[in-house]
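Visitor:
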Amino acid sequence: MTSHLNVSAAAVNFIIGASLLALLPTAAWAQQSPPGAMAGLGAPPDPQVAVSWDRYFDHETLGEIGRRLEEAWPDRCRSSSIGRSVEGRDLWLLTVTDFQAGEADAKPAMWIDGNIHANEVQGSEIALYTAWYLCEMADRVDWIAELLRDRTFYIVPSINPDGRDNFLLEPNTPHSPRSGLAPRDDDGDGLFDEDDFDDLNGDGHITMMRRRSSNGRWITSPEDPRIMVRAHADQPGEWELLGNEGFDNDGDGRVNEDRRGYYDPNRNWPWRWAPAYVQSGSDAFPTSLPETRAVVEFVLAHPNIAAAQTYHNTGGMILRGPGTESDSVQAADLRVMDEIGERGEMILPGYRYISIWEDLYTTWGNELDWFYAGRGIITFSNELWTSFNYFRESPENERWDRADYRFDRYLLFGEAIVPWTPVDHPQYGRIEVGGVKRQYTRAIPGFLLREEAHRNMAFTLYQAGQMPLVRVDSVEVRSLGSGVSEVRALISNRKLAPTRTEQDVVHGISPPDRIRIEGGRVIAGFRIENPLQGIAEEQEHRPERIEVERIDGMGTVAVKWLVRGSGPFTVTVESAKGGKHSLRSP
Amino acid sequence: MAIRTLDRTLFALALFAFMASDPADATAQDPSDRLRALNRSDRVDVTSIGRSAGGADLLLATVAGPGDGGGRPAVLVLAGEQAAHAIGTDVALAAIERLSDGYGSDPEITSLLDGVTVHFIPLLSPDAERSSRQRPVHETRRNDQPRDDDRDGLVDEDGPDDLNGDGWITMMRIEDATGEYTEDEDEPGLMRIADPARGDSPSWRLLVEGRDDDGDGRFNEDPKGGVDIGANFPRRYPWFESVAGDYPLSAPEARAVAQLLADRDEIGMVVVFGTRDNLLSPWKSNPAGEPGSEGERVREPLKFALAGDAPWYAEIARRYRERTGRSESDTLGVRPEGGDPLSWAYFQMGRWAFGSSVWTPPAAERPDSTTAIPEDREAASDSASRSGSGDSRTSEASDPVAAERRRLRWIRANRPEDFLDWEPVDHPDFEDRRVEVGGFRPLTGWTPPATIRDSIVRKEVEFLIDIAMLLPRIEIVESKAESLGDDTWRVSVRIANTGYLPTRTRLADRLGRPRSVRVDLETNGQELAGGRAVRLLEALPGSGSAEELTWIVVGKGNGRVAVSAGSASAGRDRKEIQLR
């Protein structure tokens with residue numbers, strides 16, 4: 041594995057801001073507003089931790105920013121690790137909540153991760169931006185202060201840090217690697233990772249190879265000479281396209297066929313995992329990867345997680361499950377997802393709220409499905425960045441319209457594309473390499489990254505705000521004579537999501553919600569089925585702790601007890617995913 | 009009590025003379041100690057590949073001829089997935105002993121171990137086995153992972169209790185017209201679900217023997233321990249079933265096995281002595297047609313074996329039944345698939361996988377009909393699992409308690425002490441009701457009679473040796489260089505699989521693991537003008553099936569080329585070819 045120092049040194053070349061950030065002492069981070077300025081809304085005017093949200097941070101820097109946040113906001117942010125990657129990198133966890141108000145692990149919590157696919161980097165920045173924004177803005181915005189008082193965020197910016205550093209710091213295409221870096225023998229020849237890409241022109245990018253040939257079927261586009269288009273069926277071409285930069289490193293007659301890694305970390309999860317003959321990249325068995333397993337074990341150990349987001353790119357989608365046709369989402373849960381997803385389409389212009397298998401493609405053993413189906417957690421996966429953003433419109437036939445090349449020409453002034461340059465190839469002879477840099481088409485251009493981060497964060501905060509939250513609304517005591525009191529309590533959940541999803545209830549994943557009474561000896565306890573008519577059903581065992589299956593979104597539950605004593609009585613509701621609340625009778 | 013445990017102890021004693029003889033000394037029966045004792049042989053190497061949830065070593069015994077550096081094709085034998093199937097562990101231990109003793113004296117075994125290495129994990133769930141040696145005796149499938157089964161915030165707080173103090177945890181029945189059970193009219197003692205449509209009056213509740221220790225109105229709903237290793241593998245994993253754990257391979261025992269098989273390409277065959285079985289009734293291909301024909305992706309995980317593999321499963325099952333005298337009707341009592349290591353090894357890991365249940369209570373002549381599922385979930389799944397993959401062609405198919413009925417009939421005729429007749433007890437939770445305790449004695453369901461036990465174990469061991477010898481074997485049976493003049497040669501070889509089994513399963517062809525046969529042409533200064541230097545072959549059927557490969561080389565170089573062929577699980581061969 042790369043040493044700490046090497047990673048930082050490499051980062052200096054690529055991320056100037058990041059290296060500065062690592063060098064400055066904490067005190068120097070506190071910024072002063074220039075005199076005479078008006079702060080823009082939706083941005084902390086004087087952040088304790090200054091971060092440039094126009095770039096992509098390597099693993100070391102992600103961890104460093106997290107530690108800076110913890111130093112600056114010790115009552116709001118704690119940095120730790122939930123495990124280690126194949127190459128030994130920590131999976132950084134930022135726990136963000138109001139640590140002065142209740143225990144973090146007892147509040148309804150939202151899980152946010154990113155970057156499970158190594159090349160889908162910006163999920164990490166967006167996750168980290170969320171932690172940063174919550175910390176820096178809680179003093180300015182009441183709604184955020186309340187959110188942190190009542191909820192906890194478990195934020196793991198990158199759950200594939202090995203792949204992340206490889207993507208950021210090594211030559212790659214926009215699409216490589218998707219995998220982590222556990223060595224795999226992709227071509228079955230007994231050797232591991234022996235035929236990766238090769239950066240033929242040494243520019244730090246893996247682009248395309250072309251060779252001039254009168255027998256080729258490709259021609260230069262008349263619109264933009266950097267683009268290759270197919271020759272008409274009845275016309276000769278000028279170029280052969282030869283794939284991504286690289287040569288046949290192992291002499292088997294194939295090029296780039298056994299790269300570093302190669303598996304799909306988002307097909308390695310236990311729910312509906314399928315072997316490679318059905319789902320390629322699923323690896324040998326579910327949770328074979330240490331990164332997958334660390335997340336699974338963390339989630340199992342934190343039953344307070346009630347909502348989740350796992351960031352991907354690209355295409356502007358708010359994805360829900362299921363990943364496979366023969367699976368399903370419970371109808372009651374779908375209604376909750378629809379409400380949140382449709383709100384998301386408003387918050388995120390250009391994004392569509394859709395289902396994975398139905399509207400995208402079939403995936404077995406994906407992370408989102410395990411969170412929802414395996415653990416009963418309402419989960420979305422946002423596919424960050426969309427070509428809609430190039431010109432804030434949906435081109436009718438954008439693939440051939442090449443909005444990406446036009447955006448590069450008119451807004452990036454050619455920075456995103458490597459022009460065709462000649463090189464000598466050991467097997468193909470004189471060729472040219474050129475094409476899209478890895479920062480482009482999936483990663484977001486720097487000047488747009490912050491907006492994308494903010495809008496996606498806003499969507500997750502909406503979801504987090506709608507996690508269940510239980511309250512004892514009232515406790516009423518009536519004397520029945522003979523020293524016996526009737527105590528009635530009304531419990532509510534004034535949020536969109538129920539305390540337990542239908543998936544959770546049907547499969548008994550979380551315990552039922554429990555309503556306890558203290559202050560006297562309980563003779564009998566009842567769930568009140570119909571408060572208006574007073575129909576009540578007795579709970580014979582442990583009447584002092586009434587169990588209810590769930591409290592619906594925007595719903596209430598009424599209970600009563602016959603108790604020896606006259607009070608005061610304290611009623612407490614406890615819900616694994618809805619929190620805990622007590623109220624004492626007058 | 010001592011008398012009741014004695015028969016099992018005697019079986020063990022008959023085979024393992026080094027065992028302590030005092031049945032009261034529970035540690036004397038520890039299979040791990042028996043395994044460690046076998047480590048004395050030069051041919052056996054016992055190592056730990058992990059720890060159980062309860063901290064016991066998960067032991068791997070490797071039996072190999074001299075000079076194996078880990079490169080030989082190998083077989084992995086698994087046993088002891090649940091305590092009641094101690095007979096599987098006995099077979100594994102006996103096989104280790106037979107192989108290590110036979111090396112150097114028995115020519116067949118010597119030749120086998122010079123070419124094939126056999127790995128054994130004789131005790132997949134050391135925790136469950138250890139629990140079963142504690143008093144009172146309880147047939148648990150769980151490892152020692154604490155688990156809050158009823159999600160009440162307390163862990164392992166309501167397990168079974170020995171109400172009548174006889175040292176056994178059996179069942180209890182409570183007289184109750186709101187219960188669901190009735191006693192079978194034909195088989196006294198047998199409880200089944202009443203069928204009011206047939207005029208049955210429900211008269212009993214049926215539960216595992218015990219009290220409501222935590223006062224929640226439920227009985228024995230949160231016993232000690234957690235995961236059934238035989239339900240924790242990923243194929244057809246029984247999600248949300250309490251004993252299955254939180255997710256597939258969550259148990260360290262199952263995970264260690266999965267990692268071992270994922271890491272060891274040389275293991276081409278897995279043999280399981282356990283509660284599942286595909287030798288009495290082999291896996292078949294899909295009668296509705298093969299999914300995913302040529303090159304096409306299979307759209308759903310397979311439920312049937314591939315048509316290219318099924319004939320081998322059928323033939324080996326036929327040989328097994330012939331050798332052991334067992335029949336397809338013995339599948340009654342076999343536990344169905346679901347989280348099991350046997351079907352996982354083929355359907356998800358691509359290995360040849362064979363499973364023997366060793367012994368199940370044999371059929372009586374008299375078929376019958378009728379029912380028992382206790383309201384306790386774990387006992388229910390035990391019961392359901394034992395009624396298993398009953399053959400729908402038999403008349404037992406309509407009988408929901410067919411397996412229990414057969415077992416009880418066999419017990420009445422052969423080993424009456426294995427069913428404890430219902431006897432009244434005082435139960436603190438049912439003070440005014442009649443409560444009786446009784447039922448099948450724990451740990452006896454897979455235990456053959458003492459008189460035939462040795463011969464059963466011996467047959468299973470011999471069968472294991474038989475199929476280990478059926479592994480594929482790659483040989484270059486013919487090689488030549490034909491001169492085309494002008495320093496040009498056509499090099500050709502015929503590569504044959506002289507073993508019985510194909511070089512890998514057809515499923516492995518689609519999975520890509522274990523690796524296929526790789527053929528290399530090694531040139532020495534010649535130019536390769538035709539053919540590929542490296543080729544990977546799809547599964548090559550056994551019994552001498554061959555493939556011919558040719559190359560064109562130009563230039564004499566040092567006057568020879570070489571061809572090597574093979575895979576980790578099918579062996580390797582190499583031939584030098586003179587260019588003349």
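If you read the sequences in order, they're chains P and W.
Heads up: the first sequence begins at 41 in the working numbering, then just goes up one per residue.
Heads up: the second sequence begins at 9 in the working numbering, then just goes up one per residue.
Every residue gets a Cβ at the ideal spot worked out from N, C-alpha and C, and that includes glycine.
Note that the structure is a prediction, hence the values are computed from the model and not measured.
1. So valine 473 (chain P) and leucine 240 (chain P) are supposed to be a Cβ contact under 8 Å. How far apart are they, rounded?
2. Take valine 515 (chain P) as the anchor and find which of P:Val335, P:Glu433, P:His547 and P:Lys600 has the nearest alpha-carbon.
3. At 8 Å on the CB atoms, spell out the chain W contacts of tryptophan 313 (chain P), in chain order.
4. Here's the rule I'm using: 16 or more other beta-carbon atoms within 10 Å means buried, otherwise exposed. How should tryptophan 183 (chain P) be labelled?
5. DSSP has tryptophan 151 (chain P) in a bridge; who is on the other side?
6. Between arginine 442 (chain P) and chain W, is the shortest Cβ-Cβ distance under 9 Å, so that the two count as touching?
7. Taking all protein chains shown into account, decide if asparagine 422 (chain W) is buried (16 or more other Cβ within 10 angstroms of its Cβ) or exposed.
8. Are the CB atoms of valine 588 (chain P) and proline 552 (chain P) nearer to each other than 9 Å?
9. If the cut is a Cβ gap below 7 Å, which residues of chain P does serine 524 (chain W) touch?
10. Buried or exposed: glutamine 153 (chain W), going by 16 or more other Cβ atoms within 10 Å of its Cβ?
11. Contact criterion: CB-CB distance below 9 Å. Does arginine 260 (chain W) meet it with respect to chain P?
12. Hey, does valine 562 (chain W) have any beta-carbon neighbour from chain P nearer than 9 Å?
13. Of all the residues that make up the region 305–321 of chain W, which are near chain P by a beta-carbon distance shorter than 9 Å?
14. Of the residues that make up the region 532–552 of chain W, which ones have a beta carbon closer than 7 Å to any beta carbon in chain P?
15. So who's on the other strand from isoleucine 122 (chain P), going by DSSP bridges?
16. Using three-state DSSP, classify phenylalanine 453 (chain P) as helix, strand or coil.
17. Below 7 Å CB to CB, which residues in the same chain sit around proline 466 (chain P) once its five sequence neighbours on both sides are set aside?
18. Quick one: which unbroken alpha helix (DSSP H) runs of 4-plus residues sit fully inside the region 112–149 of chain W? Chain order, please.
19. Listed in chain order, which residues of the region 210–231 of chain W have Cβ atoms closer than 7 Å to some Cβ of chain P?
20. Closer than 9 Å by beta-carbon distance: list the chain W residues that pair up with alanine 564 (chain P), in chain order.
21. Tell me whether leucine 536 (chain P) sits in a helix, a strand or coil according to DSSP, three-state version.
22. Residue range of the beta strand (DSSP E) that valine 279 (chain W) falls in?
23. Looking at alanine 91 (chain W): is its Cβ nearer than 9 Å to the Cβ of proline 130 (chain W)?
24. Run through chain P and tell me which residues come within less than 8 Å of leucine 515 (chain W), C-beta to C-beta.
25. Can you tell me whether DSSP reads tyrosine 633 (chain P) as helix, strand or coil?
26. Cα-Cα, which of P:Phe193, P:Tyr194, P:Ser121 and P:Glu210 is closest to asparagine 159 (chain P)?
27. Counting contacts by CB-CB distance shorter than 9 Å, is glutamate 580 (chain P) in contact with chain W?
28. Establish whether the CB of tryptophan 360 (chain W) and some CB of chain P are separated by less than 9 Å.
29. Tell me whether glutamine 503 (chain P) counts as near the ligand SAH, meaning its Cβ is closer than 8 Å to at least one heavy atom of that ligand.
30. Please confirm whether tryptophan 410 (chain P) has its beta-carbon closer than 9 Å to some beta-carbon of chain W.
31. If you scan the region 48–97 of chain W from start to end, which runs of the beta strand (DSSP E) of 3 or more residues do you find wholly inside it?
32. Below 9 Å between beta carbons: does that hold for glycine 347 (chain W) and phenylalanine 241 (chain W)?
33. Tell me which same chain residues have a C-beta within less than 6 Å of the C-beta of serine 125 (chain P), skipping the five on either side of it?
34. Between the region 133–140 of chain P and the region 188–195 of chain P, do three or more beta carbon pairs fall short of 8 Å?
35. According to a CB-to-CB cut-off of less than 9 Å, which residues of the region 292–306 of chain P neighbour chain W?
36. Within 10 Å of its beta-carbon, does threonine 55 (chain W) have 16 or more other beta-carbons around it, so buried, or fewer, so exposed?
Guide: Taking the structure as given:
1. Locating residue 473 (chain P) in the first sequence gives position 433, where the first residue counts as 1. Locating residue 240 (chain P) in the first sequence gives position 200, where the first residue counts as 1. Between the beta-carbon of valine 473 (chain P) and that of leucine 240 (chain P) there is about 6 Å, and that keeps the pair under the 8 Å contact cut.
2. Here the question's residue 515 (chain P) lines up with position 475 in the first sequence. Ranking P:Val335, P:Glu433, P:His547 and P:Lys600 by Cα distance to valine 515 (chain P) puts P:Lys600 first.
3. On the first sequence, residue 313 (chain P) is found 273 positions in, with the first residue counted as 1. Result: Pro242 and Pro256.
4. Within the first sequence, numbered from 1, the residue matching residue 183 (chain P) stands at position 143. The Cβ neighbour count for tryptophan 183 (chain P), taken over all protein chains shown within 10 Å, is under 16; the residue is labelled exposed.
5. For the purposes of this step, residue 151 (chain P) is identified with residue 111 of the first sequence, where counting begins at 1. DSSP, once it has assigned bridges, lists P:Tyr194 and P:Ala348 as partnering tryptophan 151 (chain P).
6. Position 402 of the first sequence, counted from the start, is the residue given in the question as residue 442 (chain P). No, its Cβ sits nowhere closer than 9 Å to a Cβ of chain W.
7. Translated into positions along the second sequence, residue 422 (chain W) becomes position 414. Exposed, because fewer than 16 other Cβ atoms sit within 10 Å of the Cβ of asparagine 422 (chain W).
8. Position 548 of the first sequence, counted from the start, is the residue given in the question as residue 588 (chain P). Position 512 of the first sequence, counted from the start, is the residue given in the question as residue 552 (chain P). Yes, they are a contact pair.
9. Position 516 of the second sequence holds residue 524 (chain W). Simply Gly228.
10. Here residue 153 (chain W) corresponds to residue number 145 of the second sequence, with the count starting at 1. Counting the other Cβ atoms within 10 Å of the Cβ of glutamine 153 (chain W) gives 16 or more, which makes it buried.
11. In the second sequence, counting from the first residue as 1, residue 260 (chain W) sits at position 252. First, the amino acid is wrong: residue 260 (chain W) is proline here, not arginine. False, the Cβ-Cβ gap to chain P never drops below 9 Å.
12. The count along the second sequence starts at 1 and reaches residue 562 (chain W) at position 554. Not closer than 9 Å to any Cβ of chain P, the Cβ of valine 562 (chain W) fails to qualify, so no.
13. Taking 9 Å as the Cβ-Cβ cut-off against chain P, the residues of the region 305–321 of chain W that qualify are Arg305, Val306, Arg307, Glu308, Pro309 and Leu310.
14. Going along the region 532–552 of chain W in chain order, one finds Arg540, Ala541, Val542 and Leu544 with a Cβ nearer than 7 Å to chain P.
15. Start at 1 with the first residue of the first sequence, and residue 122 (chain P) comes out as number 82. As DSSP reads the structure, isoleucine 122 (chain P) sits in no beta bridge.
16. Indexing the first sequence from 1 puts residue 453 (chain P) at position 413. Shown here, phenylalanine 453 (chain P) sits in coil according to DSSP, grouped into three states, outside any helix or strand.
17. The sequence position of residue 466 (chain P) within the first sequence is 426, counting from 1. Excluding sequence neighbours, proline 466 (chain P) sits near Phe287.
18. Runs of the alpha helix (DSSP H) lying entirely within the region 112–149 of chain W, each at least 4 residues long, are 115–123 and 134–140 in chain order.
19. Answer set for the region 210–231 of chain W: Gly223, Asp224 and Gly225.
20. Position 524 of the first sequence, counting from 1, holds the residue named residue 564 (chain P). Result: empty, since nearest Cβ-Cβ is about 14 Å, beyond 9 Å.
21. Along the first sequence, one-based indexing puts residue 536 (chain P) at 496. Coil, per DSSP.
22. Within the second sequence, the letter at position 271 stands for residue 279 (chain W). First-last of the beta strand (DSSP E) with valine 279 (chain W): 275–281.
23. The residue given as residue 91 (chain W) occupies position 83 in the second sequence. The residue given as residue 130 (chain W) occupies position 122 in the second sequence. No, the pair does not count as a contact, with Cβ atoms beyond the cut-off.
24. Locating residue 515 (chain W) in the second sequence gives position 507, counting from the first residue. Under the 8 Å cutoff, chain P gives Tyr317.
25. This structure leaves residue 633 (chain P) out entirely; chain P is present only between 41 and 626.
26. Here residue 159 (chain P) refers to the residue found at position 119 of the first sequence. Cα-wise, what sits closest to asparagine 159 (chain P) is P:Glu210.
27. Here residue 580 (chain P) refers to the residue found at position 540 of the first sequence. Yes, glutamate 580 (chain P) lies at the interface with chain W (some Cβ there is under 9 Å from its Cβ).
28. Reading the second sequence from its first residue, position 352 is the one you call residue 360 (chain W). When Cβ-Cβ separations below 9 Å define contact, tryptophan 360 (chain W) makes no contact with chain P.
29. For the ligand SAH, the structure offers nothing, since it holds no ligand at all.
30. By 1-based counting over the first sequence, the position of residue 410 (chain P) is 370. Yes, tryptophan 410 (chain P) counts as interfacial toward chain W.
31. Taken in chain order, the complete beta strand (DSSP E) segments of 3 or more residues contained in the region 48–97 of chain W are 52–59, 65–71 and 82–87.
32. Taking the first residue of the second sequence as 1, we reach residue 347 (chain W) at position 339. Taking the first residue of the second sequence as 1, we reach residue 241 (chain W) at position 233. In contact: glycine 347 (chain W) and phenylalanine 241 (chain W) (Cβ atoms closer than 9 Å).
33. Position 85 of the first sequence, counting from 1, holds the residue named residue 125 (chain P). For serine 125 (chain P), same chain residues with a beta-carbon under 6 Å away, outside a window of 5 residues either side, are Pro201, Asp202 and Glu331 in chain order.
34. Three or more Cβ pairs drawn from the region 133–140 of chain P and the region 188–195 of chain P lie within less than 8 Å of each other, which places the two stretches in contact.
35. From the region 292–306 of chain P, only Asp292 and Gly293 have a Cβ closer than 9 Å to chain W.
36. Along the second sequence, one-based indexing puts residue 55 (chain W) at 47. Exposed, because fewer than 16 other Cβ atoms sit within 10 Å of the Cβ of threonine 55 (chain W).
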